[in-house]
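Converting from the sequence shown to the working numbering requires adding 525 to each position, the first position being numbered 1.
From the three backbone atoms N, C-alpha and C, an ideal C-beta is built for every residue, glycine too.
Note that the coordinates shown come from a computational prediction; the quantities given were computed from them, not determined experimentally.
Report on the structure given below.
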Amino acid sequence: MRLGLSTGGGDAPGLNAAIKAVVMTALEGGDEVIGIRCGYEGLLADAGIVELDRAAVRGIAHQGGTIIGTTNRGNPFAWPVDGEDGRAEQDRSAELIEAFRREALDALIAIGGDGSLGFALELSRKGLDVVGVPKTIDNDVGGTVHTFGFNTAVYVATQALDRLHSTAEAHGRVMVVEVMGRNAGWIALHAGVAGSADVILLPEIPYSIERVCAKIDERERSGRGFSIVVVAEGACPLAGGEHYLSSQAPGQPVRLGGIGDVVASAIATTTGKETRTVVLGHLQRGGAPTAFDRLLALRFGAAAVRAARDGRFGSMVSYQPPNVTVVPLEEALGQPSQVPLDGDTVATARNLGVCLGD
Ligand code: F6P
Numbered sequence: 526m527r528l529g530l531s532t533g534g535g536d537a538p539g540l541n542a543a544i545k546a547v548v549m550t551a552l553e554g555g556d557e558v559i560g561i562r563c564g565y566e567g568l569l570a571d572a573g574i575v576e577l578d579r580a581a582v583r584g585i586a587h588q589g590g591t592i593i594g595t596t597n598r599g600n601p602f603a604w605p606v607d608g609e610d611g612r613a614e615q616d617r618s619a620e621l622i623e624a625f626r627r628e629a630l631d632a633l634i635a636i637g638g639d640g641s642l643g644f645a646l647e648l649s650r651k652g653l654d655v656v657g658v659p660k661t662i663d664n665d666v667g668g669t670v671h672t673f674g675f676n677t678a679v680y681v682a683t684q685a686l687d688r689l690h691s692t693a694e695a696h697g698r699v700m701v702v703e704v705m706g707r708n709a710g711w712i713a714l715h716a717g718v719a720g721s722a723d724v725i726l727l728p729e730i731p732y733s734i735e736r737v738c739a740k741i742d743e744r745e746r747s748g749r750g751f752s753i754v755v756v757a758e759g760a761c762p763l764a765g766g767e768h769y770l771s772s773q774a775p776g777q778p779v780r781l782g783g784i785g786d787v788v789a790s791a792i793a794t795t796t797g798k799e800t801r802t803v804v805l806g807h808l809q810r811g812g813a814p815t816a817f818d819r820l821l822a823l824r825f826g827a828a829a830v831r832a833a834r835d836g837r838f839g840s841m842v843s844y845q846p847p848n849v850t851v852v853p854l855e856e857a858l859g860q861p862s863q864v865p866l867d868g869d870t871v872a873t874a875r876n877l878g879v880c881l882g883d
């Protein structure tokens, strides 16, 4: 087989490990891998394609980023073009499939989050043989217990919380830490519990600012003059209203962000306590993957090539501990993964006295 390989959407630690495993597994079975640069720009724009041989993937498993590049503007069904009155979109999926055939590619291994995997599903419906590999720090792809990248983001956020504890305590301040995750609270919950946060606000639980402030006041009364508040970027007050970044270039997708400041200023006003905000942002996505993410990505990459060899197209590799299995893409994308409110991690947070804003 001649396999096309793409990485799309936001990067996630472990992408290079997955690329390495795809290439090594393919080469071992006599197949070849062509990297399509920057999502599908390699076939639809100038980014180009590259043969991924043994030398290309040597020594990359521990590196962050992706050696073939990625983009969050790579929807082949709504490709950004210059229209008569500004930005417009064009369906270039047929052109993409044609380019794919011209390059004599037999199947596509698409590494992505729900956006890129959704394009992969649409391409498979149009006749392309596709195997998906789920990645994202947000852990919000359905059909798999974990995506790779998530564990690293939780590790980075937990380390940040550890560091913020000492400075918060020294000054008797409230530190509000905004973490990524889009509309899923996985990073906030896991890092918040692991990093001993006092308050954790998730998109899955609309919060009451009065409850949050009551928790901070209660700590104050018991002699704990500082508090750590973790806020998922998609968290919403009871009254509703997600927060989006205002500093977006025209034509860019809207981005969640800014809720940390909103929560911090409400806390400062209500409790009178000095409050600071830290937005962890892309620190959660950069750098080396943890051993867990590296291993998961390697297992996903190898499993994707095995699935292609077995002709299991229109599918996605999936982590169902202790195994990596294969599930239909359609099933995986049917329902995004969010924090289950009846799960034991939420119960553990409550048992530990963490305020979840409800
Ligand atoms: O999906 C990964 C993610 O990091 C989200 O957590 C975040 O909302 C978004 O991507 C940020 O995207 P960008 O890198 O385009 O700012």
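Shorter than 7 Å, the distance from the beta carbon of G878 to the closest heavy atom of the ligand F6P, or not? no
**Asked** Could you give the distance in angstroms between the alpha-carbon of R746 and the alpha-carbon of C880?
**Response** 16 Å
* G589: CB within 7 Å of a non-hydrogen atom of the ligand F6P -> no
Bridge partner(s) assigned by DSSP for E614: P605
Leaving out five residues on either side along the sequence, give the residues of the same chain with a beta carbon under 6 Å from the beta carbon of L823. A542, A546
Open item on the list: With a threshold of 7 Å (Cβ to nearest heavy atom), would R780 be considered close to the ligand F6P?
Closed with: yes
List the whole-angstrom C-beta distance separating P601 from R612, where the pair is believed to meet the contact cut-off of C-beta under 8 Å.
-> That belief does not hold up - the Cβ atoms of P601 and R612 are roughly 16 Å apart, past 8 Å.
query: Do you know whose CA, among G584, G637, V575, lies nearest I593's CA?
result: V575
Quiz item: For the candidate residues A619, E566, G638, whose alpha-carbon lies nearest to that of G539?
Solution: G638
- Task: Taking only the alpha-carbon atoms, compute the straight-line gap between E729 and A709 and give it to the nearest angstrom.
- Result: E729 and A709: Cα-Cα distance of roughly 7 Å.
Exercise for the section: Using only alpha-carbon positions, find the residue among R810, N597, R780, P731 that is nearest to R562. Expected result: N597
Cα-Cα separation, S752 to I585 = 40 Å
If you measure from the CB of I522, is any heavy atom of the ligand F6P nearer than 7 Å? What the structure shows of the chain is the stretch from 526 to 883, and residue 522 is not part of that stretch, so it cannot be assessed.
- Task: Confirm, please, whether the CB-CB distance from R707 to L642 is below 8 Å.
- Result: no
- Under 6 Å Cβ to Cβ from A537, same chain only, skipping five residues before and after it: list those, please. When the five nearest sequence neighbours on each side are left out, the beta carbons in the same chain lying within less than 6 Å of the beta carbon of A537 are those of K660, T661, I662, G674, in order along the chain.
At 3 residues or longer, what runs of the beta strand (DSSP E) sit wholly inside the stretch 699-761? 699-704, 724-726, 752-757
**Item:** DSSP three-state assignment for M526, whether helix, strand or coil
**Value:** coil
Margin query: Would you call the stretch 627-637 in contact with the stretch 783-797, where contact means no fewer than 3 C-beta pairs closer than 8 Å?
Written below: no
Take R617 and list the residues in its own chain whose beta-carbon comes closer than 6 Å to its own, dropping the five residues that flank it on each side. L569, P601, W604
Endpoints, beta strand (DSSP E) assigned at N848:
848-853
| task | Would you tell me roughly how many angstroms separate the C-alpha atoms of M841 and D665, rounded to the nearest one? | result | 14 Å
Beta-carbon proximity list for V754, same chain, < 6 Å, skipping 5 on both sides: V701, V724
Cβ-heavy atom distance between M841 and the ligand HEM below 7 Å? Of the ligands one can find in the structure shown, namely the ligand F6P, none is the ligand HEM.
(message) Please give me, in chain order, every unbroken run of the beta strand (DSSP E) with length at least 3 that falls completely inside the stretch 773-833.
(response) At a cut-off of 3 residues, the continuous stretches assigned as beta strand (DSSP E) that sit fully inside the stretch 773-833 are 800-804.
| request: For A537, name the three-state secondary structure that DSSP assigns. | output: coil
**Study point:** Segment limits, alpha helix (DSSP H) that includes Q684
**Key:** 675-696
- request: Determine the closest residue to L877 out of A722, S649, R688, with distance taken between C-alpha atoms.
  value: Each of A722, S649, R688 was checked against the Cα of L877, and the nearest Cα belongs to A722.
| said: Comparing C-alpha positions only, which one of L821, H807, T595, F644 sits nearest to L854? | reply: Out of L821, H807, T595, F644, F644 has the C-alpha closest to the C-alpha of L854.
Give me the DSSP bridge partner(s) of P659. G637
E758: beta carbon under 7 Å from a heavy atom of the ligand F6P?
-> yes
Exercise for review: Give the range of the beta strand (DSSP E) segment to which L577 is assigned.
Suggested key: Annotation: the continuous beta strand (DSSP E) that includes L577 extends over 574-577.
Checklist entry - Would you call L866 buried or exposed, if buried means 16 or more other Cβ atoms sit within 10 Å of its Cβ? => result That one is exposed.
Practice task
Please classify D578: is it buried, with 16 or more other beta-carbons within 10 angstroms of its beta-carbon, or exposed?
Solution key: D578 counts as exposed, since fewer than 16 other beta carbons sit within 10 angstroms of its beta carbon.
Original post:
Mapping DSSP to helix, strand and coil, what is T550?
Top reply: helix
Under three-state DSSP, which class holds A542? helix
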